[in-house]
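One line per chain: the protein sequences are A and B, in this order. Per my numbering: the first sequence = residues -6 to 330. Per my numbering: the second sequence = residues -6 to 330.
2 protein chains.
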Amino acid sequence: MTSTGPPERQASLTDVAGLAGVSHMTVSRVVNRTGPVRPETRAKVLAAVEKLNYRPNSAARALVTGKTGILGVVALDSTLYGPASMLYGIENAAREAGYSITITSVGTPNRSAIADAIETLRRQAVEGIVAIAPHAAAAKALESAPGDMPLVAIGGRPDTPVPVIAVDQYDGARRATEHLLALGHRTVWHAAGPIDWLEAQDRERGWRETLERHNAEAPRLLRGDWTPHSGYLVGRELVRERDLTAVFVANDQMALGLLRAFAEAGIRVPKDVHVVGFDDVPEAAYFSPPLTTVHQDFIEVGRRTFRQLAERIAGRPPLPHDLVPAELIVRESTGPR
Amino acid sequence: MTSTGPPERQASLTDVAGLAGVSHMTVSRVVNRTGPVRPETRAKVLAAVEKLNYRPNSAARALVTGKTGILGVVALDSTLYGPASMLYGIENAAREAGYSITITSVGTPNRSAIADAIETLRRQAVEGIVAIAPHAAAAKALESAPGDMPLVAIGGRPDTPVPVIAVDQYDGARRATEHLLALGHRTVWHAAGPIDWLEAQDRERGWRETLERHNAEAPRLLRGDWTPHSGYLVGRELVRERDLTAVFVANDQMALGLLRAFAEAGIRVPKDVHVVGFDDVPEAAYFSPPLTTVHQDFIEVGRRTFRQLAERIAGRPPLPHDLVPAELIVRESTGPR
DNA sequence: TGACTAACTGTGAGCGTTAACATTTCAGCC
DNA sequence: GGCTGAAATGTTAACGCTCACAGTTAGTCA
């Protein structure tokens, strides 16, 4: 049912050459568009290629050229909106340039897991590696990464030895906080993300320093872990605060949980409290109420990441660290009271 | 700064052999644990491997064995919760078995895009392909897929010529609908997903046939496109219906939009209307109100998909089509009124 | 017409690995 | 002490492709 007749080895260059009555080299030139070939010869070759359903053997090619055309991505084993979006951004840019992507996921981004993932990718002879590593431990792991492999990090610290592409978290947090202050709030509370995530650190710093610049006193910090549940717990704590009027939440998922806790406690948003999130997930516009949040262009991050990696692979010096600007999207959660 | 000294070619088997004073074949045997080697010889070889930082050349190995150890995944270019989760499920199972994953994303899953993606993966000499193809056109494309490549589909029709792994959408919809009927509703409205998605079709069929079995009349069907926005639009239509008491929405994102529209219209859930979703995204428990929904075990789907594909690669006959059961998660949106 | 050049085509080697087989080593035994 | 056979190691030949170079043909100009 599956196979009829003999196993039918894949046709090789030589097979095509035989059928077309030329040398294997001519076939190679036709297939790869390298070197001149007479139109009628090309036609004969193409016919033979078609007839035998010839497909170049990528292993043989990689063996002789030393290039596999494969890029590795170390991805976080998560369905968070950001990482998933960036993965597709990278994939699209890479595919357009003729590269393909192989991914290795990492459960917890600790040092050894990242190192293992990189080693796994090396074994596959990838030409370069993108590490989606928005995590302190991951950034550390990258520092000791082998220097002979083009490597670009997404969402690391600027002081990392590898090139970093990231959304400007600090500035996004600044915009969110200033937006709230501009609405007349004396200060702004912050529900931060996990302490070992760089993005959480940057957003927190952006919030804190913006308050300082405006001579507003920073309330005590509350911390979640990106999940809606943790946002809910933070919300439950916040409802007990008497002078609560504005909250900047480190991501939209947590903001959702927080809104839920507020709703249960009878706190009305935006009437009693203003809330701003971060990420602009597709759902954010349909929260109750629709959420003011900071938009990140993940696709653009993916594109720039690939561009940077391509430069490294070509042996050119690294481009400067690259920050993609964040944008504030104002919705009802900071609307008129 | 980047390179010191000569380019430093990667060490080969022969290099290691020279240093260890044995033949390249002995090194191969040590590295691959194939064939017997005296402990002291093995030690010498291992030392040389270490010293030269030897790493097998995957291209050379693939060339001679004909096996690349790579699996291809045709993924939808979307950050929908389901596809993203399944991707990681497959990746994890594959990695455990020593395979790696390369992904090719598809913007719109039409026939030619799928065919292109499969061709792209073939060129990379993948050993098998997983098509995440919950789409009518995609399923069609799979029918005409080349028969010499192990291929498994996720979320296709049972009558597809390729093996299919899927969550039991029909039964999930049945559970959702029966849950609502059991709560005493005379009938249940349905906000369906896009007509060309198989999952949307199956959920709709499950809803409709369940109503029939209970002699309930099916209200007119409303349709969205999975996005929260489309759910919102459907919600706006529904609020005009006078005998509306229960809605089964095709996915959680749409349910979110619908809840939003209801909230704006002053319709209280669950007091006035009961709502059930589908997917059990992590956010669902924190919607307003928390959403009763149908849970899908995507990780399990990924695992089974890999298992099925491994069988095909090993040349064994396809396992029967495999349906992963869905589970109803009851929350407040169908709670006491 | 012939020499020179450009366009085209062919030859042979080698990339690093594994498979198949050949050879050496060495312990156990009569 | 030589014989036997298993264990350990080595030799050689592919795998399918590209690179470097060597041919061959055709076109041009004096």
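By construction, the Cβ of each residue, glycine as well, lies at the ideal position given by its N, Cα and C atoms. The model shown is predicted, which means the values in this text are computed figures rather than measured ones.
Let me check understanding here. Comparing Cα to Cα, which of the options lies closest to residue i?
| i | options | result |
| --- | --- | --- |
| A/L12 | A/R54, A/P29, A/G177, A/T34 | A/T34 |
| B/G328 | B/H267, B/A243, B/L144, B/A41 | B/H267 |
| A/F104 | A/Y81, A/H128, A/E84, A/T113 | One detail in the question is off: residue 104 of chain A reads as Arg in this sequence, not Phe. When only C-alpha atoms are compared, the closest one is A/H128. |
| B/S78 | B/A248, B/Q289, B/R300 | B/Q289 |
| B/K37 | B/Y47, B/P154, B/V15 | B/V15 |
| B/H178 | B/M18, B/Y163, B/T285, B/D265 | B/D265 |
| A/V119 | A/A90, A/L64, A/A86, A/P154 | A/L64 |
| A/F271 | A/R296, A/L284, A/I260 | A/L284 |
| A/R233 | A/D245, A/G259, A/H222, A/S223 | A/G259 |
| B/G165 | B/S137, B/R198, B/H17, B/L69 | B/R198 |
| B/S326 | B/T286, B/H314, B/E320 | B/T286 |
| A/P318 | A/Q162, A/M247, A/V274 | A/Q162 |
| B/L114 | A/P139, A/D152, A/Y92 | A/Y92 |
In the DSSP assignment, the beta strand (DSSP E) including residue i goes from what residue to what residue?
| i | result |
| --- | --- |
| B/F299 | No beta strand (DSSP E) holds B/F299; the alpha helix (DSSP H) holding it covers 291 to 306. |
| A/D315 | 315 to 317 |
| B/H222 | Segment 221 to 231 is the alpha helix (DSSP H) holding B/H222; no beta strand (DSSP E) there. |
| B/L73 | Per DSSP, B/L73 belongs to no beta strand (DSSP E) and is neither H nor E. |
| B/I322 | 320 to 322 |
| A/T286 | 286 to 288 |
| B/L237 | Careful: B/L237 lies outside any beta strand (DSSP E) and carries neither H nor E. |
Assuming residue i and residue j are in contact, meaning their beta carbons sit under 8 Å apart, how far apart are those beta carbons, in whole angstroms?
| i | j | result |
| --- | --- | --- |
| B/V157 | B/I122 | Not quite, the Cβ-Cβ distance comes to about 13 Å (not below 8 Å), so this is no contact. |
| B/L226 | B/V240 | At roughly 14 Å, the Cβ-Cβ gap does not stay under 8 Å, so B/L226 and B/V240 are not in contact. |
| A/A110 | A/T95 | Contact flag wrong, Cβ pair sits at about 11 Å. |
| A/W219 | A/L73 | 7 Å |
| B/L173 | B/V269 | 6 Å |
| A/P263 | A/R168 | Not really, about 18 Å apart at Cβ, beyond 8 Å. |
| A/L231 | A/W182 | 7 Å |
| B/R305 | B/P143 | 4 Å |
| B/Y279 | A/P221 | 4 Å |
| A/R324 | B/R116 | Going by Cβ atoms, the distance from A/R324 to B/R116 rounds to 45 Å, so no, they are not a contact pair. |
| A/V23 | A/L39 | 7 Å |
Provide the residue span of the alpha helix (DSSP H) that contains residue i, from first to last.
| i | result |
| --- | --- |
| B/W182 | Element bounds for B/W182: not the alpha helix (DSSP H) but the beta strand (DSSP E), 182 to 185. |
| A/H178 | It is not in any alpha helix (DSSP H) - A/H178 carries neither H nor E in the DSSP assignment. |
| A/T19 | 17 to 25 |
| A/I94 | Run containing A/I94: none in the alpha helix (DSSP H); it sits in the beta strand (DSSP E), 93 to 99. |
| A/V123 | Unbroken run through A/V123 is the beta strand (DSSP E), 121 to 125; no alpha helix (DSSP H). |
| A/F255 | 245 to 258 |
| A/V197 | The sequence given here has Glu at residue 197 of chain A, not Val. Looking at the DSSP string, the run of the alpha helix (DSSP H) that includes A/E197 is 191 to 206. |
| B/A68 | No alpha helix (DSSP H) contains B/A68, which is instead part of the beta strand (DSSP E) from 63 to 69. |
| A/V160 | Note, A/V160: premise wrong, no alpha helix (DSSP H); beta strand (DSSP E) at 157 to 160. |
| A/I111 | 104 to 116 |
| A/A52 | 51 to 58 |
Taking Cβ positions only, does residue i come closer than 8 Å to chain A?
| i | result |
| --- | --- |
| B/I292 | no |
| B/T220 | yes |
| B/N85 | yes |
| B/Y279 | yes |
| B/R88 | yes |
| B/Y74 | yes |
| B/G148 | no |
| B/Q117 | yes |
| B/L56 | yes |
| B/S21 | no |
So, is the C-beta of residue i closer than 8 Å to a C-beta in chain B?
| i | result |
| --- | --- |
| A/R253 | yes |
| A/I94 | yes |
| A/D70 | yes |
| A/S78 | yes |
| A/P275 | yes |
| A/L256 | Per the sequence shown, the amino acid found at residue 256 of chain A is Ala instead of Leu. Judged by the 8 Å Cβ criterion, A/A256 is in contact with chain B. |
| A/Y81 | yes |
| A/Q246 | yes |
Less than 8 Å between the beta carbons of residue i and residue j, yes or no?
| i | j | result |
| --- | --- | --- |
| A/V9 | A/L45 | yes |
| B/A146 | B/A303 | no |
| B/G148 | B/G186 | no |
| B/F299 | B/A126 | no |
| A/A184 | A/A277 | no |
| B/G75 | B/F291 | yes |
| A/E210 | A/T180 | yes |
| B/L135 | B/P102 | no |
| A/L56 | B/A193 | no |
| A/G228 | A/R253 | yes |
| B/L191 | B/A132 | yes |
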